[in-house]
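So the structure is just underneath, and the comments pick up after that.
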Amino acid sequence: MANQQATTASNGKEGARGERSNNAPPMLDLTSDNITPNTIRINSQGDDERLIYLMSRLVTHLHDFARETRLSTDEWMAALNFLVKCGQISSDVRHEFILLSDVLGLSLLVDSINHPKPPSSTEGSLLGPFHTHDAPALASGENMSDDPQGEPLLALCTVKDTQGNPIPGVKIDIWETDSSGHYDVQHADRGGVASGRGVMVSDSEGRFRFRAIRPVSYPIPDDGPVGKLLRLLGRHCWRPAHMHFTFEKEGWDRLVTALYIRGDPYENSDAVFGVKRSLVVDLDRVDAETARKYGDDVEEGMWLLRYDFVLVSEREAQELRDRNAIDALAKLGLTHLKLVDHLPVPQVD
Ligand code: BEZ
Ligand code: FE
Numbered sequence: 180m181a182n183q184q185a186t187t188a189s190n191g192k193e194g195a196r197g198e199r200s201n202n203a204p205p206m207l208d209l210t211s212d213n214i215t216p217n218t219i220r221i222n223s224q225g226d227d228e229r230l231i232y233l234m235s236r237l238v239t240h241l242h243d244f245a246r247e248t249r250l251s252t253d254e255w256m257a258a259l260n261f262l263v264k265c266g267q268i269s270s271d272v273r274h275e276f277i278l279l280s281d282v283l284g285l286s287l288l289v290d291s292i293n294h295p296k297p298p299s300s301t302e303g304s305l306l307g308p309f310h311t312h313d314a315p316a317l318a319s320g321e322n323m324s325d326d327p328q329g330e331p332l333l334a335l336c337t338v339k340d341t342q343g344n345p346i347p348g349v350k351i352d353i354w355e356t357d358s359s360g361h362y363d364v365q366h367a368d369r370g371g372v373a374s375g376r377g378v379m380v381s382d383s384e385g386r387f388r389f390r391a392i393r394p395v396s397y398p399i400p401d402d403g404p405v406g407k408l409l410r411l412l413g414r415h416c417w418r419p420a421h422m423h424f425t426f427e428k429e430g431w432d433r434l435v436t437a438l439y440i441r442g443d444p445y446e447n448s449d450a451v452f453g454v455k456r457s458l459v460v461d462l463d464r465v466d467a468e469t470a471r472k473y474g475d476d477v478e479e480g481m482w483l484l485r486y487d488f489v490l491v492s493e494r495e496a497q498e499l500r501d502r503n504a505i506d507a508l509a510k511l512g513l514t515h516l517k518l519v520d521h522l523p524v525p526q527v528d
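In the numbering used here, the protein residues as written are 180 to 528.
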């Protein structure tokens with residue numbers, strides 16, 4: 180952080196022309212040496228101490244970035260035009276800013292801060308921009324894919340706590356692409372009919388079972404500004420084959436995750452950094468006994484996915500989040516901060 184003082188005159192009072200009455204100094208004669216503390220001061224007039232803290236740190240880092248890089252006017256304008264383009268290409272089903280956050284590693288970072296996982300629990304992965312709220316309810320064993328080109332897959336899963344106890348009644352949202360690597364919302368003719376997605380509930384033993392297709396690798400949308408940025412950075416835009424899941428039940432920390440299929444060419448170079456070793460699975464084949472057990476819709480030889488998911492209680496997650504926050508702040512030497520509603524704000528004595 181730049182070591183600067185707010186050096187303009189202090190404590191302006193109500194002016195005849197309606198300037199605000201507050202502690203903000205007149206904003207005159209600002210220079211590269213005093214713009215940062217003065218911007219922070221004028222941003223600190225509201226009542227929301229968390230917002231004031233967030234803005235103060237954002238301004239500090241942004242200004243330091245410009246100072247450190249000697250940001251040129253052309254570069255600054257290119258960045259602003261880039262953001263404009265992100266907005267222009269965004270729609271209800273295309274969220275370029277999420278994509279930007281994903282390729283910058285910010286999505287992964289925010290998720291790991293907010294949903295810390297003790298060692299025995301299932302790790303999180305990116306939600307991504309293709310989750311919807313209109314997935315149909317799936318009965319146990321039902322097929323969520325209507326893609327005849329896809330390779331059929333049976334998933335036999337459980338959801339348990341960190342002690343190994345089954346958790347019944349968990350709402351599980353599942354989604355994947357079709358065999359061409361597109362989510363249903365990416366098809367112009369989708370209309371109101373969802374496919375490649377479904378919502379189900381774990382049974383009294385914490386089990387859930389569904390049919391789908393074997394996931395395939397696919398490129399994240401690369402026809403917009405984020406795709407262009409990746410190309411300029413010499414990066415590819417591919418995600419390894421995966422299937423998305425969220426798990427929700429009162430009292431449990433919401434788990435947003437995905438399972439990745441071992442052996443995918445992009446397993447070690449996911450464009451959005453979502454792969455964790457613990458989430459990479461080997462697919463098996465359904466044997467004759469399993470096919471008999473699950474009835475007519477399950478055929479011997481189809482792909483078999485088995486996975487036991489482990490949720491963290493809300494209380495466990497909150498305690499871990501607080502502990503991690505205190506450790507992280509101490510490591511950064513930020514001893515003047517306190518936690519309010521579990522989030523850091525400055526300690527004012
Ligand atoms: C996805 O897995 O659906 C996804 C994640 C990040 C960016 C684009 C797609
Ligand atoms: Fe995906």
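Beta carbons: idealized from backbone N, C-alpha and C, even for Gly.
A quick note: this is a predicted structure, and the numbers were derived from the prediction, not measured.
Segment limits, alpha helix (DSSP H) that includes residue i
| i | result |
| --- | --- |
| residue 242 | 228 to 248 |
| residue 254 | 252 to 268 |
| residue 408 | 404 to 411 |
| residue 390 | Not the alpha helix (DSSP H): residue 390 falls in the beta strand (DSSP E), residues 386 to 392. |
| residue 399 | First-last for residue 399: undefined, no H or E at that position. |
| residue 216 | 214 to 221 |
Run of the beta strand (DSSP E) containing residue i, from where it starts to where it stops
| i | result |
| --- | --- |
| residue 525 | 522 to 525 |
| residue 425 | 421 to 427 |
| residue 518 | 516 to 519 |
| residue 352 | 350 to 354 |
Residue i: CB within 7 Å of a non-hydrogen atom of the ligand FE
| i | result |
| --- | --- |
| residue 361 | no |
| residue 366 | no |
| residue 415 | no |
| residue 294 | no |
| residue 423 | yes |
Practice task
Output the residues surrounding the ligand BEZ, defined as those with a CB atom closer than 6 Å to any ligand heavy atom, in chain order.
Solution key: 278, 281, 305, 307, 308, 309, 399, 418 and 451
Practice task
Evaluate the contact criterion for the region 344 to 358 versus the region 308 to 315: three or more CB pairs, one atom per stretch, below 8 Å.
Solution key: Verdict: yes, contact present.
Exercise for the section: Flag this pair as touching only if the region 415 to 430 and the region 265 to 279 have three or more C-beta atom pairs under 8 Å; answer yes or no. Expected result: no
Practice task
Would you mind listing the alpha helix (DSSP H) stretches within the region 429 to 503 that are 4+ residues and don't spill past its ends, in chain order?
Solution key: 467 to 473
Handout entry: Runs of alpha helix (DSSP H) lying entirely within the region 281 to 348, each at least 4 residues, in chain order
Key = 285 to 293
Handout entry: beta strand (DSSP E) runs contained entirely in the region 356 to 382, provided each spans 3 or more residues
Key = 376 to 380
Problem - Cβ contact (3+ pairs, closer than 8 Å) linking the region 339 to 348 and the region 315 to 330 - result: no
Exercise for the section: Please confirm if the region 286 to 302 is in contact with the region 424 to 440, defined as three or more CB-CB distances below 8 Å between the two stretches. Expected result: yes
Exercise for the section: Taking 8 Å as the threshold, find out whether the region 483 to 495 comes into contact with the region 430 to 437 through three or more Cβ pairs. Expected result: yes
Handout entry: Contact between the region 450 to 459 and the region 279 to 289 (3+ Cβ pairs under 8 Å)
Key = yes
Practice task
Pair every Cβ in the region 217 to 231 with every Cβ in the region 503 to 517, then say whether three or more of these pairs are closer than 8 Å.
Solution key: no
Practice task
Evaluate the contact criterion for the region 204 to 221 versus the region 230 to 250: three or more CB pairs, one atom per stretch, below 8 Å.
Solution key: yes
Handout entry: Cβ pair count under 8 Å reaching 3, the region 458 to 478 against the region 433 to 442
Key = yes
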